[in-house]
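Structure, as structure tokens:
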Amino acid sequence: LSSQVGRSVTLEASVAQIKQTSGPTIFTLVDESGSGNAAAFIEAGVRAYPEIELGSTVMVSGEVMRRQNQLQIEVSSMEALTGEDAQRVHDRIETALDARAEPADIPLLIESDVLDRLRPAMRKVAKMIRRAVFEAQPIILRHHADADGISAAVAVEQAVISLMRQEGDDLDTAYYLFKRSPSKAPFYEIEDITRDLDFALKDHERFGQKMPLIVLMDNGSTEEDLPSMKMAQIYSLPMIVVDHHHPDAIVDDYVIAHVNPYHVGGDFGVTAGMLGTEVARLINPEVSDAIRHLPAVAGVGDRSEAPERQRYLDLIAEDYSEQECKDIALALDYEQFWLRFNDGRELIKDILNLKGNRDLHKNLIGLLVESANAAIEEQMAASMPHVVEERLPNGAYLFRIDVEIFAHRFTFPPPGKTSGEIHDRLCRQHPGEPVVTLGFGPDFAVLRSRGVLMNIPRMVRELHDEITGGGISGGGHLVVGSIKFVEGMREASLNGLIEKIGQAPVE
Ligand code: MN
17 LSSQVGRSVT LEASVAQIKQ TSGPTIFTLV DESGSGNAAA FIEAGVRAYP EIELGSTVMV
77 SGEVMRRQNQ LQIEVSSMEA LTGEDAQRVH DRIETALDAR AEPADIPLLI ESDVLDRLRP
137 AMRKVAKMIR RAVFEAQPII LRHHADADGI SAAVAVEQAV ISLMRQEGDD LDTAYYLFKR
197 SPSKAPFYEI EDITRDLDFA LKDHERFGQK MPLIVLMDNG STEEDLPSMK MAQIYSLPMI
257 VVDHHHPDAI VDDYVIAHVN PYHVGGDFGV TAGMLGTEVA RLINPEVSDA IRHLPAVAGV
317 GDRSEAPERQ RYLDLIAEDY SEQECKDIAL ALDYEQFWLR FNDGRELIKD ILNLKGNRDL
377 HKNLIGLLVE SANAAIEEQM AASMPHVVEE RLPNGAYLFR IDVEIFAHRF TFPPPGKTSG
437 EIHDRLCRQH PGEPVVTLGF GPDFAVLRSR GVLMNIPRMV RELHDEITGG GISGGGHLVV
497 GSIKFVEGMR EASLNGLIEK IGQAPVE
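Under our numbering, the first residue of the sequence shown carries the number 17, and numbering increases by one thereafter.
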């Protein structure tokens, strides 16, 4: 359209959105070359061409104008195509969009067998996301609210927003078509899908938007996601998963694509941030340089022990040391704690140094790391004296801490991170020994371990069946996770859990 300003054009397209404003009706049109808006006016606030619906194939004529820096067609006539005409235009657009959505053939940032084997799955996901952008389909990106999940999601956010901008969308449009939302739990909670559906249905009704594509990153691959996935399925919402949690095969009945290192013989060491960055580069290679440090931040944030971690660190060694990556990861965790359910888009970009203001980035990281460490020290000074030590039958050390009464609540660090910090200190005090740390509250426990070959999701499933009336649920990674139970069954639940830990083989 940009080369046709001031001229009359006629084009065939499909209708991707119909929005009634207080003035004209705005139709978002998609054809093989891209998307754009067409404004049709009958009377202020009155729906023009009511016979044309979302998904219709149309023939439109009008003049190309520039309004507030946005190109649009001022419609003089619009007609819904039917029968063979509609089919012909539909097929032509379909073929062209499919070809355009095909990701670029670019090499990975690092050498990696696991990532190489995941390449077809990553290309599939990138293609679906590119296609959603070209078709003006809204995208909701849900991610775990930790450094790894944030890195994964922000990489894709950068790729998608800049692709939308290349397509001619203004920032407002880009931000209402793409939403990034952190989830506190490492799975898609009912609360999250309920909120997402609520907004999607309202936007569909009020702004004539398509129903969204849901992308789950650093969550989405376990049985715990099923209740939400079933809800999404009722409304036929397409879902994509990019995750490194140990997957349950059943989720693949509900999703249209799933990238997971466990599918190709890898493990959680290839973290969501690594996967997300490589997928983002396939979505839009132009952002590749800007996001190349995100996998290293994700790798240290999630304590990856895979060879990929060092390779991503080596890739950016000239710009960021390992300590700087750890600082960025800690700053992300700390800031996300205070952001709660907000995405903190611009703040997070500054923390990840995506806005080119290196001085501000350094000052911000400096302050956040200092504040986070002070809060952690404070917490440890209160908690560490209350840790109870015991030796399990398999020779592992078990350390227990009641984080409900021996830690500050509702502040940073939260119980999971508090237990992790305690665990790190105890591991350093017992080098080379198997160590399990159990931080518990009235109705939950957080598990951290080293050198003990546990399978937490399986232990949780067994306890659920063995302890009648325990109300036990939970999960996580194989050796790092959490468990919930009813308060009145805490003793029985913790004892059952500890018995299983004591039977697990040690390294
Ligand atoms: Mn992760």
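For glycine and all other residues, C-beta sits at the position ideal for the given N, C-alpha and C.
Please read all numbers here as calculations on a predicted model, not as lab measurements.
Run of the alpha helix (DSSP H) containing residue i, from where it starts to where it stops
i: His220; result: 206-223
i: Asp349; result: 338-355
i: Ile250; result: 242-250
i: Tyr328; result: 323-331
i: Thr189; result: 187-193
i: Gly490; result: Run containing Gly490: none in the alpha helix (DSSP H); it sits in the beta strand (DSSP E), 489-492.
i: Glu134; result: In the sequence under discussion, the amino acid at residue 134 is Leu, which differs from the Glu named in the question. From DSSP, the alpha helix (DSSP H) with Leu134 extends over 129-150.
i: Ile42; result: Per DSSP, Ile42 belongs to no alpha helix (DSSP H); it is in the beta strand (DSSP E), 41-47.
i: Arg464; result: Per DSSP, Arg464 belongs to no alpha helix (DSSP H); it is in the beta strand (DSSP E), 460-466.
Heavy atom of ligand 1 within 7 Å of residue i beta-carbon
i: Ala288; result: yes
i: Gly165; result: yes
i: His160; result: yes
i: Asp349; result: no
i: His260; result: yes
i: Asp283; result: no
i: Asp318; result: yes
i: Asp234; result: yes
Residue burial classification, residue i (beta-carbon count within 10 angstroms, cutoff 16)
i: Asn85; result: exposed
i: Gln182; result: exposed
i: Met406; result: With the sequence shown as reference, residue 406 is identified as Glu, and Met is not the correct amino acid for it. Under this definition Glu406 is an exposed residue.
i: Phe150; result: buried
i: Gln352; result: buried
i: Phe357; result: exposed
i: Lys433; result: buried
i: Thr293; result: buried
i: Gly165; result: buried
i: Tyr192; result: exposed
i: Phe426; result: exposed
i: Gln153; result: buried
i: Gly504; result: exposed
i: Asn379; result: exposed
As assigned by DSSP and simplified to three states, the class of residue i
i: Val404; result: strand
i: Ile122; result: coil
i: Pro301; result: helix
i: Arg83; result: strand
i: Lys500; result: strand
i: Asn379; result: helix
i: His309; result: coil
i: Met233; result: strand
i: Gln33; result: strand
i: Ile367; result: helix
i: Ala112; result: helix
i: Thr73; result: strand
i: Asn53; result: strand
i: Thr293; result: helix
i: Arg196; result: strand
i: Gly78; result: strand
i: Gly512; result: helix
i: Thr427; result: coil
i: Ser19; result: helix
i: Gly372; result: coil
i: Leu469; result: coil
N-terminal and C-terminal residue of the beta strand (DSSP E) that residue i is part of
i: Ser92; result: 86-96
i: Ile256; result: 255-258
i: Ser178; result: Counting along the chain, Ser178 falls outside any beta strand (DSSP E), though it belongs to the alpha helix (DSSP H) covering 163-182.
i: Ala273; result: 273-275
i: Lys226; result: From DSSP, Lys226 is part of no beta strand (DSSP E); its letter is neither H nor E.
i: His159; result: 155-160
i: Phe415; result: 413-418
i: Val476; result: First-last for Val476: 472-482, but that is the alpha helix (DSSP H), not the beta strand (DSSP E).
i: Thr287; result: Here Thr287 belongs to no beta strand (DSSP E), and DSSP marks it neither H nor E.
Residue-chain proximity (residue i, chain D), Cβ-Cβ < 8 Å
i: Gln225; result: Among the protein chains of the structure shown there is no chain D, as only one such chain exists.
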